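These protein sequence lines are chains L and U, in that order. The numbering used here puts the first sequence at residues 879 to 1319. The numbering used here puts the second sequence at residues 3 to 853. Note that beta-carbon positions come from the ideal geometry of N, C-alpha and C, so glycine has one too. These numbers come from a predicted model, not from an experiment. Written out below as structure tokens is the structure these notes cover.
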Amino acid sequence: MKKSVVRCLSVLSIAILLVALVACGGSPESSGSGTSTEQASEQKSFAPSLDTATKCSISVAGGYDNFEALEAEFDKFNEYYPDVELSYTKLDDYNNIVSTTLNTDNAPDIYFAFDYMLDGDQYNAVFEHAEDLSDPALGIDLSCVRPSLLCKDDAGACPMAPIFAGVSGILVNEDLFDKEKVNIPTTYDELLAACDAFNKAGYPTPILCYNEASAYGNLVGEIMYTDAVKNPETVEKLNALDPSAGEYMRPVLEKISDMVKQGCINLDVCNELEDGYNALILRFFEGDIPMALCSADTASGTAKRESQSEAFVAHPFAYALHPFTLTNEGACLLDKPSVQFAVNKEGKNLDMANEFMRFLVSPQELNDIARAKRLITVTPDLAYDGVYAPFSTIDSSRIISTREVGLSDDVTIQYRVAAYEVANGKTSIDKAIAGFGKYKL
Amino acid sequence: MQTANRRYLIVLVNVAVMIGIIGFVSLYAQRAANDSIASEVNQFETSTVTLERVTANYLEGEQDICDVWANYINSRPMTIDEAVSFIRSSHVSPDNAAHIVLTDDDSLEGLSTRPKMGTKDDYVVSYKAIGLPMRPDKMVEQDGAINVSRSYTNPFNGIQSLAFCNKITLADSRDASKMREAVLLRVIPTERLEEKWVFPSDRYKDAEVALIDIDSNYIIKGRDYKNNNFVEFYKSYNKIDVAGVEELKERLATQSGSFFMLNSRDKECLIAYAPISANQGWTILKYIEMSNLHQSTIDWFLVFGVACALLFLLVFDMTFMNWFNARLNEAAKEAEAANRAKSDFLSTMSHDIRTPMNAILGLTTIAKRSVDDPAVVKDSLHKIGLASNHLLTLINDILDISKVESGKLSLTPVTFSIVEVTENLVNISQPMVKDKSIDFHFRINAVEHEYLFADQLRINQVLINILSNALKYTEPHGSVAVDLQELTSDAPDKVRLVYRVADTGMGMSEEFMEHMYESFSRQTDSRVNSVQGTGLGLAITKQMVDLMGGTIECASKLNEGTTFTVTLDVPIAEHEGEEMTLESVDALLVDDDEAQLETARYMLNALDAHVEVASSGAQALEMVRAKHSLNNGYGIVIVDWKMPDMDGVEVVRRMRTLDGGQAPTILISAYDWSDIEESAKEAGADGFISKPMFKTTLYRAINERLHLSATSAAGEDDHSDIAGMHVLVAEDNDINWEIIEMLLEMHGIEATRAENGQVAVDLLASSSPGDYDLVFMDVQMPVMNGVEATKAIRVLPDGRISTIPIIATTADAFSEDVAKCMDAGMNGHIAKPLDIKVVLKEIGKVKEGKL
């Protein structure tokens, strides 16, 4: 009995010592490294191919004011290459300045590139500096990107890798639909019915949108592209801005006119928005807007602004970006790349830039960066983020690659301006059609 | 129970102290670390303020240049071309440029002092796309004010830049009378400013700097600053409410200081901030991860070491405490056992001493009252003698065991005769053998060396103890067999004596045998209780055998008997015996014991005698007759007394009736022959030999018979030759003096008393040679003890007196006492109580000149 008690006390004291030592020995560094290990294990598919002790700097230039999602990827990449300094720089007037910057000593190693740059000579420098990312020697796995998003030049080279996809839709206050017992519309008729129900319920406007011509692409895009797909022979005429091609705009202009007449969009309410991006989200968070027409770029700002909205903080609600359709055939997904990354082949640290791209272009990282930025991923996994999950229900046959359709940016401008004019009653449908080829933003 | 509680308390206190010390060390180390962190933070803040000063100086310097240009341009009407030309001529650094942008229309176009990137002559610059990086209406116009733009992309070269601005007024190029409003921008790459941020040492090499504007937007940012706005960066990774955000912005804009935050990797960082005094609204931030700033000053090795040391100390203390307690318990038990043993000893002694004392006193009383009845007196005196002897044995044993247990028992080797020892052994045992009619056999086997060098007294004691035990615990008519064998020893110059005593006594139980060598251990048996004994004999025997390097083994079975075997390696003495030979002697050996017969024949052969043997009396008579018929005869006939068909006396008687049966005859007996002496002599026996037979005794007996110089066995008791001798007895005790005087007087010896040693010395000094034949010297006496007196006598001037034999008569009976006496010059030692036989023997030796 005596011995057992003494033995217990001895064991107890040893245990206390060990616990004390372990507790004392635990440092913030060690807990930090534990997190790193977990992160590293999550990314076990990536295996560094360069000396992990390499010291260098990698700069990424783009047009985003804030790109924390990319900076988070920097941190993850630093788990493998701790001495690589990665930085993101926003260039003012990016589209116009990027070519100039690429010719300076301070040219970025990686930079934003866009589909439309392929069409303009002023962007030649962007692609002259761009490396072919499809080169097998680089080991960049472009197969994890939806094929409809991949852009290749005439020589078959892939000068840029999609990082985010662009999409338009309606932000839906799902709680309001539940409250009013209205189904979220999946056809044009359902949309009209829903708008009617909300109008009858006294909501300020069933659909909120930023009433600027540039924002009307969200309205016209679906019909514009589906018609072009159905009638590919029209594309050439449209791109040539042939005035006779204005007639192709009639279906969508009639739908928009109809929508306004049916009270789907209360332009007075929309005109109260001073800032299209920020104001639209905050107004939506007020909680009395059933639907807000916007792009994914706008939807991406919702997460950060939830806390900025006192109304939303006080009365949070469930919302998501749903496909928007003006047809009764169901919505299409207009699949187009938003931001793409090009690698400066004259960069000072080209190998490490390629290594970073090899790291980033993977399902895990592309989904992570899209989730962090709250944009649609470029991987086939459209349901990765709840806000965009509704788009995963779209049948693959209704996914349209805008790049493959081949409509120029000028065509979309004609559609957007014409739609704006008609919606705001500034002109008739016929006159709007007659103005085709003359509109500018 | 109380001891156990105390032990737990000690352990708990130990554990508590140990935890306390570890806690103290940890807290102290933590406090030191906190102090260190506070110091680091303070120094980091100071370095940030220093950086702010560097930045402010740089901004002021750049602004001054811009002011000089603007003042010059404003001091006289200049067209935009003239102004640009003027500034171009003032340029020093190729990285810097100046833009003059007209602000009185929406074009925001102007001229640059340097051509557009990639061109040689395109100087037209437009801020239409990006807007002016600062609002002209916000510019402060007084001298010394810093008007610096946000960080922006220089539209002329795509490089991130800052612009120091001033409003200027220009003359219209097409209409000199018309004045145009414009802004002069001194455009400098932000890298230039970053280059100013050089840290004085490697201490903050991992620190990163950012410059933020009034809205917390970065003007310049290091790589670990996330977002495009510092407050947003803070909010992304740290919890803060709306009020906290406002408070943070306020702090950043108005005061210097520092705070901790988590970065994008969830690591703690220190942010030091200092508003740029030269440009209201700008704040410089310095950022460093705590892991880079503060290397833990807590010496965990020390803490671990202290913890281990304390743990070791605790375990060691507990172990030592347990060990020490066990020792204490053991010691306590031993002390308790010793105390109990002492009580038991005293109780036993009291009992064992009182028993013979009771007999002595009681029988003395009986004798006194029966003075008129000689038979009763004689019987009483006889029993008193027995009781006295037992008492003496008991006292001797107690003293011996005391010496053994105190480790003071030492051996005093002397040259002695194993023959004498054996004879003595047989003599001593004879009375009991006869009393109990024990069938006693004593065999000697191959004992070649008579003289050995060892402690005779102790060997004698061992042999006697074992044999006396066998005799004591053997029932009447039982059997005791003794074998003494000499073997070759492994050690050089030694013989191995194997002494085996087997009896048919009551035997011992296994339980008793386990502790039979312990003091005062006697088997619990009614038969044992009837036997006198101290329970010390075996203990003493075992100790002495061990002391002599021997072994003692015992095999016993209850009610069947016991066999003790003692094995001793004994050095052979250098003493050379007399040359013994019986050459040309024809001897006839008669014994029914074949082994005895063989031993005796072996001995006689060794003496060169011609030996014939007969295993019975009848055969012997036949052999005598046959020998005579050949006109020959035996030189000597040696006959065992105890034989089954015909005893030795009868053989001798019949042999004497035969022709030729006149040869000298010697009877061998294992018993005291006094009972048969008369009939044997009458039958014609010429002498006697006691078993066991040694070569020496055999030789002497035969030699005496053949030379007709045989000494009667009874001669040993003949002390007539010592009558008339004069002995000086130094004895202080009156009774002792009276006893010895009476004993000596009984044998016709005259005794003179000296009351102490000094008197003895004086008497001898004043005597004439021949006045005294020897001195009996008591040792412990007043005035002068026996040892001192002996030494004094030995130095007396008269050599004939100083060499007088001196024999110690003392109760100091230990071997070292004997040695002390011998060292003082005495010639012999007799232990009290005095045995008159021993006394007379010693006197006889003096008479014979052997001392």
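Within 8 Å (strictly less), CB to CB, does residue i reach chain U?
| i | result |
| --- | --- |
| N1156/L | no |
| S1187/L | no |
| G1174/L | The question names Gly, yet the displayed sequence has Ala at residue 1174/L. It does not; no Cβ of chain U falls within 8 Å. |
| T1205/L | no |
| T967/L | yes |
| K1318/L | no |
| T930/L | no |
| D987/L | no |
| E949/L | yes |
| S908/L | Residue confidence for S908/L is low, a pLDDT of 35 falling below 50, so the modelled location carries little weight; the figure read from the coordinates is stated next. Output row for S908/L: interface = no. |
| E1114/L | no |
Only counting the same chain, and skipping five residues up and downstream in sequence, which positions put a Cβ closer than 8 Å to that of residue i?
| i | result |
| --- | --- |
| S2/U | Residue 2/U is absent from the structure shown; chain U starts at 3 and stops at 853. |
| T713/U | Any answer about T713/U is weak, because its pLDDT of 42 lies below 50 and its placement is not dependable; what the coordinates show is given next. Hits under 8 Å: E706. |
| G717/U | Caution applies to G717/U, whose pLDDT of 45 falls short of 50 and renders its modelled position unreliable; the model cannot decide the point. |
| L304/U | V27 and A31 |
Under three-state DSSP, which class holds residue i?
| i | result |
| --- | --- |
| C1210/L | coil |
| S692/U | strand |
| D775/U | coil |
| A1043/L | strand |
| N1222/L | strand |
| G509/U | coil |
| N168/U | strand |
For residue i, I'd like the list of residues in its chain whose CB is within less than 7 Å of its CB, leaving aside the five on either flank, ordered along the chain.
| i | result |
| --- | --- |
| D828/U | One point to set straight first is that residue 828/U is Met, not Asp, in the sequence displayed. Only M779, T792, I808, I809 and A810 meet the Cβ criterion. |
| G224/U | E210, V211, A212 and Y289 |
| E1207/L | none |
| D943/L | K968 |
| F444/U | V428, V484, A672, K693 and P694 |
So is residue i in contact with chain L if we call contact Cβ pairs under 8 Å?
| i | result |
| --- | --- |
| P157/U | yes |
| A333/U | no |
| N7/U | no |
| A884/U | Any question about residue 884/U goes unanswered here, given that chain U covers just 3 to 853. |
| R78/U | no |
| I132/U | yes |
| K122/U | no |
| M136/U | no |
Apart from the five residues on each side of it in sequence, which residues of its chain come closer than 6 Å, Cβ to Cβ, to residue i?
| i | result |
| --- | --- |
| H479/U | S439 |
| A493/U | D571 |
| V1217/L | F990, I1041 and F1042 |
| L486/U | I446 and Y501 |
Let me make sure I understand the geometry here. Which of the options has the alpha-carbon closest to that of residue i?
| i | options | result |
| --- | --- | --- |
| E1150/L | C1087/L, L1097/L and L948/L | C1087/L |
| T583/U | A40/U, H612/U, F326/U and K207/U | H612/U |
| A947/L | K1304/L, F1076/L, D1120/L and L1238/L | L1238/L |
| N758/U | A608/U, P784/U, R329/U and E513/U | P784/U |
| F1190/L | C1210/L, D1166/L and N973/L | D1166/L |
| L700/U | S390/U, L745/U, Y604/U and H517/U | Y604/U |
| C934/L | P1014/L, P960/L and F924/L | P960/L |
| G1303/L | L1160/L, V1138/L, L1204/L and C1172/L | V1138/L |
| P1025/L | Y1298/L, S1274/L, K1318/L and I1101/L | S1274/L |
**Request:** Quick one: which unbroken alpha helix (DSSP H) runs of 4-plus residues sit fully inside the segment 1134 to 1158 of chain L? Chain order, please.
**Result:** 1145 to 1149
**Prompt:** Mind pulling the alpha helix (DSSP H) runs of 4 or more residues that sit fully within the segment 55 to 107 of chain U?
**Reply:** 82 to 92
**Item:** Segments of 4+ residues assigned as alpha helix (DSSP H) that fall wholly inside the segment 1263 to 1317 of chain L
**Value:** 1280 to 1283, 1287 to 1301 and 1307 to 1312
**Asked** Curious, which full-length alpha helix (DSSP H) runs of at least 4 residues does the segment 223 to 250 of chain U contain?
**Response** 232 to 239
**Request:** Kindly provide the ranges of any alpha helix (DSSP H) runs that are 4 or more residues long and lie completely inside the segment 1091 to 1135 of chain L, ordered along the chain.
**Result:** 1095 to 1108 and 1111 to 1117
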